[in-house]
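Engineer:
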Amino acid sequence: MTASLAGTFDEFNEKRRTEIRLSDGFPEAESRVRGTPAKESSQPEVPSKNNQSRWILNPVMDYLFACGGLVWLLFGFHYFVLAGSTQGPLSVALLTFSALGALLLGEGHTAATLVHTYRRADLRNRLSFYTKLLPLFFGILAACGTVIPGVAPILVKIYLLIVPHHFMAQSYGIARVYCLKQGYVLGDDERRALLLVTWCTTIFAVIRQLTVIEPKEKPFLGQAVPTWQILPEPLFVVAQVLLISCIFAFVAIITLRGVKEKRLFPVPALLTMATGIAGFTMIQSATGIYWLYVSAFFHATQYFLTVLVSHWNEQQVVSCGDRIRSLTRNSSTTRMLGIILLVSVFIYIGIPRILESFGLNYMLAMAAIFSTMNMHHTAIDGVLWKLRRAEVRKAVSA
Numbered sequence: 218m219t220a221s222l223a224g225t226f227d228e229f230n231e232k233r234r235t236e237i238r239l240s241d242g243f244p245e246a247e248s249r250v251r252g253t254p255a256k257e258s259s260q261p262e263v264p265s266k267n268n269q270s271r272w273i274l275n276p277v278m279d280y281l282f283a284c285g286g287l288v289w290l291l292f293g294f295h296y297f298v299l300a301g302s303t304q305g306p307l308s309v310a311l312l313t314f315s316a317l318g319a320l321l322l323g324e325g326h327t328a329a330t331l332v333h334t335y336r337r338a339d340l341r342n343r344l345s346f347y348t349k350l351l352p353l354f355f356g357i358l359a360a361c362g363t364v365i366p367g368v369a370p371i372l373v374k375i376y377l378l379i380v381p382h383h384f385m386a387q388s389y390g391i392a393r394v395y396c397l398k399q400g401y402v403l404g405d406d407e408r409r410a411l412l413l414v415t416w417c418t419t420i421f422a423v424i425r426q427l428t429v430i431e432p433k434e435k436p437f438l439g440q441a442v443p444t445w446q447i448l449p450e451p452l453f454v455v456a457q458v459l460l461i462s463c464i465f466a467f468v469a470i471i472t473l474r475g476v477k478e479k480r481l482f483p484v485p486a487l488l489t490m491a492t493g494i495a496g497f498t499m500i501q502s503a504t505g506i507y508w509l510y511v512s513a514f515f516h517a518t519q520y521f522l523t524v525l526v527s528h529w530n531e532q533q534v535v536s537c538g539d540r541i542r543s544l545t546r547n548s549s550t551t552r553m554l555g556i557i558l559l560v561s562v563f564i565y566i567g568i569p570r571i572l573e574s575f576g577l578n579y580m581l582a583m584a585a586i587f588s589t590m591n592m593h594h595t596a597i598d599g600v601l602w603k604l605r606r607a608e609v610r611k612a613v614s615a
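Just so it is clear: in the sequence shown, position 117 is 334 by the numbering used here, and no numbers are missing.
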């Protein structure tokens, strides 16, 4: 769920503001998403106040896995109670938990994109560029990274540079989901300020990697990441000031509205944005601990929740109880998750091991495959989750 989802929310929200009225915070009329293709021209399904779900799944699961609650609990304990230590039984347990999360959720959420897309002929055909030509291109890049010395670190660096955009765009999209689901129609100033915070965080994070402010980057995926100090340091200061200014402006705007209308900005949306922003603005000593958890237990779990809700809607699994039970028994949901796990293990562990058996370097293969897979994930994510598609509208409103 990337920038395309966020942009479509802007369009959808603007249309709603002019075509619907609110009663007790819930829309009572339907509006059309401008530019909907003919075969998907049905109006957006905006539930009434009697069946509107204010959550993606339920309050506990949402706060823990979509808004970042679990990340803050794990990070707070590891950083403040254990002082960021990597020694001792508790620290080792947390590091093991983090590694399992990275394998099952972090790598798994990119595999979830493949399973969600390739299992459906309509998506494979409609997104043929992303499902046929683009995988070929990234496959060639991965092969080059595996066999040509020096290419894999460059691929890793490019991946690290695109992470802020992908990460923040999804956070922005999920925040907008909560505004929509909880009946909070953003005003123009709120929408622009929230979008500016998203973009300024992204720009700040990229500039931070391209200046000499930070010490030399540590190895990532076994690769010595190149240090591209191509921007002047004052630009980093400018980006920092702009980000802080945008955050204060956004807080001021929603506070003024809250005082005027006696209605608070949705807390889940605020926590989602705060968790995303923190990933790129913490001090260096805290950043490493924070990223042990935020990728798997925030970004990836957000994505899994969205994919699961989309799947449940396809299977007409409506109630929260039935959805949770489908995760604990042999069902189409657990079978889908099993397939995602197998695909993830095969791509990120199996293929590098196979290549190693032919005499190629395992770490180079793993780094090249990881980087290019995530590049493809970012690209296809940008067109996959659009409110113009009926099932996506159901996923965010059911």
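Beta carbons are placed, not taken as given, at the ideal position from N, Cα and C, and that holds for glycine.
1. In the DSSP assignment, what are the bridge partners of Q440?
2. Among G439, A456, T444, which has the Cα closest to the Cα of W416?
3. Since P370 contacts A422 with CB under 8 angstroms, what's their CB separation in whole angstroms?
4. Mapping DSSP to helix, strand and coil, what is S388?
5. Give me the residue from D406, A329, T504 with the minimum Cα distance to S527.
6. Quick one: Cα of R480 to Cα of L522, how far?
7. In whole angstroms, what is the alpha-carbon distance linking T545 and D539?
8. Taking buried to mean at least 16 other C-beta atoms within 10 Å of its own C-beta, is F587 buried or exposed?
9. How would you call P276, buried or exposed, if buried means at least 16 neighbouring beta carbons within 10 angstroms?
10. Are the beta-carbon atoms of A517 and L291 separated by less than 8 angstroms?
11. How many angstroms separate the CA atom of L459 from the CA atom of P485?
12. Please state if the CB of L358 and the CB of L344 are separated by a distance shorter than 8 angstroms.
13. Going by beta carbon distance, what residues of the same chain come within less than 6 angstroms of L377, once the five residues before and after it are set aside?
14. Taking the straight line between their C-alpha atoms, what separation do you get for F453 and Q501?
15. Please confirm whether F355 and T589 have their CB atoms less than 8 angstroms apart.
16. Under 7 angstroms: does the beta carbon of V560 sit that close to some heavy atom of the ligand ZN?
17. If you reduce the DSSP assignment to three classes, tell me which class K266 lands in.
18. What is the rounded straight-line gap between the Cα of I273 and the Cα of D279?
19. Which whole-angstrom value describes the C-beta separation of Q440 and A319, a residue pair presumed to lie in contact below a C-beta threshold of 8 angstroms?
20. Please confirm whether G493 and M385 have their CB atoms less than 8 angstroms apart.
21. How should P483 be labelled, buried or exposed, when 16 other C-beta atoms within 10 angstroms of its C-beta is the threshold for buried?
22. Quick one: give me the first and last residue of the alpha helix (DSSP H) that Y507 is part of.
23. Identify whether K479 lies in helix, strand or coil by the three-state DSSP scheme.
24. Drop a sphere of 10 angstroms on the beta-carbon of A513, count the other beta-carbons inside from all chains shown, and report buried for 16 or more, exposed for fewer.
25. How would you write the range of the alpha helix (DSSP H) that C284 sits in, first residue to last?
Structural biologist: According to the structure shown:
1. On the sequence shown, position 223 is the one that residue 440 refers to. Bridge partners of Q440: F437.
2. The residue you call residue 416 lines up with position 199 of the sequence shown. W416 has its Cα closest to that of A456, out of G439, A456, T444.
3. Your numbering for residue 370 matches position 153 in the sequence shown. Your numbering for residue 422 matches position 205 in the sequence shown. 19 angstroms between Cβ atoms; not a contact.
4. By one-based count along the sequence shown, residue 388 stands at place 171. Three-state DSSP puts S388 in a helix.
5. The sequence position of residue 527 within the sequence shown is 310, counting from 1. Checking every option, the nearest Cα to that of S527 belongs to A329.
6. Taking the first residue of the sequence shown as position 1, residue 480 is located at position 263. Taking the first residue of the sequence shown as position 1, residue 522 is located at position 305. If I take the Cα positions, the gap works out to 27 angstroms.
7. Here residue 545 refers to the residue found at position 328 of the sequence shown. Here residue 539 refers to the residue found at position 322 of the sequence shown. Rounded to the nearest angstrom, the two C-alpha atoms are 10 angstroms apart.
8. In the sequence shown, the residue the question calls residue 587 occupies position 370. Per the 10 Å Cβ criterion, buried.
9. Translated into positions along the sequence shown, residue 276 becomes position 59. P276 is exposed by the Cβ-count criterion.
10. Taking the sequence shown and counting its residues from 1, the one referred to as residue 517 is at position 300. Taking the sequence shown and counting its residues from 1, the one referred to as residue 291 is at position 74. A distance of 8 angstroms or more separates the beta carbons of A517 and L291.
11. Taking the first residue of the sequence shown as 1, we reach residue 459 at position 242. Taking the first residue of the sequence shown as 1, we reach residue 485 at position 268. Those two C-alpha atoms are separated by around 25 angstroms.
12. Here residue 344 is taken as the residue at index 127 of the sequence shown, counted from 1. Here residue 358 is taken as the residue at index 141 of the sequence shown, counted from 1. Contact: no.
13. As a first step, residue 377 is located in the sequence shown; it is residue number 160 there, counting from the start. Here the set comprises nothing.
14. Taking the sequence shown and counting its residues from 1, the one referred to as residue 453 is at position 236. Taking the sequence shown and counting its residues from 1, the one referred to as residue 501 is at position 284. If you take the alpha carbons of F453 and Q501, they lie about 15 angstroms apart.
15. Reading the sequence shown from its first residue, position 138 is the one you call residue 355. Reading the sequence shown from its first residue, position 372 is the one you call residue 589. Taking 8 angstroms as the cut-off, the Cβ atoms of F355 and T589 count as close.
16. The ligand ZN is absent from the structure shown, which contains no ligands of any kind.
17. Taking the sequence shown and counting its residues from 1, one reaches residue 266 at position 49. Below a pLDDT of 50, predicted positions are generally treated as unreliable, and K266, at 47, falls in that range; no measurement from the model is reported.
18. If you number the sequence shown from 1, residue 273 lands on position 56. If you number the sequence shown from 1, residue 279 lands on position 62. If you take the alpha carbons of I273 and D279, they lie about 7 angstroms apart.
19. Working through the sequence shown from its first residue, we reach residue 440 at position 223. Working through the sequence shown from its first residue, we reach residue 319 at position 102. Separation of the CB atoms of Q440 and A319 is rounded to 16 angstroms, and the pair is thereby denied contact status at 8 angstroms.
20. Position 276 of the sequence shown, counted from the start, is the residue given in the question as residue 493. Position 168 of the sequence shown, counted from the start, is the residue given in the question as residue 385. With contacts defined as CB atoms closer than 8 angstroms, G493 and M385 qualify as a contacting pair.
21. Walking along the sequence shown from the start, residue 483 turns up at place 266. The residue is buried, with at least 16 neighbouring Cβ atoms inside 10 Å.
22. Residue mapping note: residue 507 aligns to position 290 of the sequence shown, counting from 1. Run containing Y507: 501-507, per the alpha helix (DSSP H) assignment.
23. In the sequence shown, residue 479 corresponds to position 262, counting from 1. Three-state DSSP puts K479 in coil, outside helix and strand.
24. Here residue 513 corresponds to residue number 296 of the sequence shown, with the count starting at 1. With 16 or more other Cβ atoms within 10 Å, it is buried.
25. Here the question's residue 284 lines up with position 67 in the sequence shown. Counting along the chain, C284 falls outside any alpha helix (DSSP H), and DSSP gives it neither H nor E.
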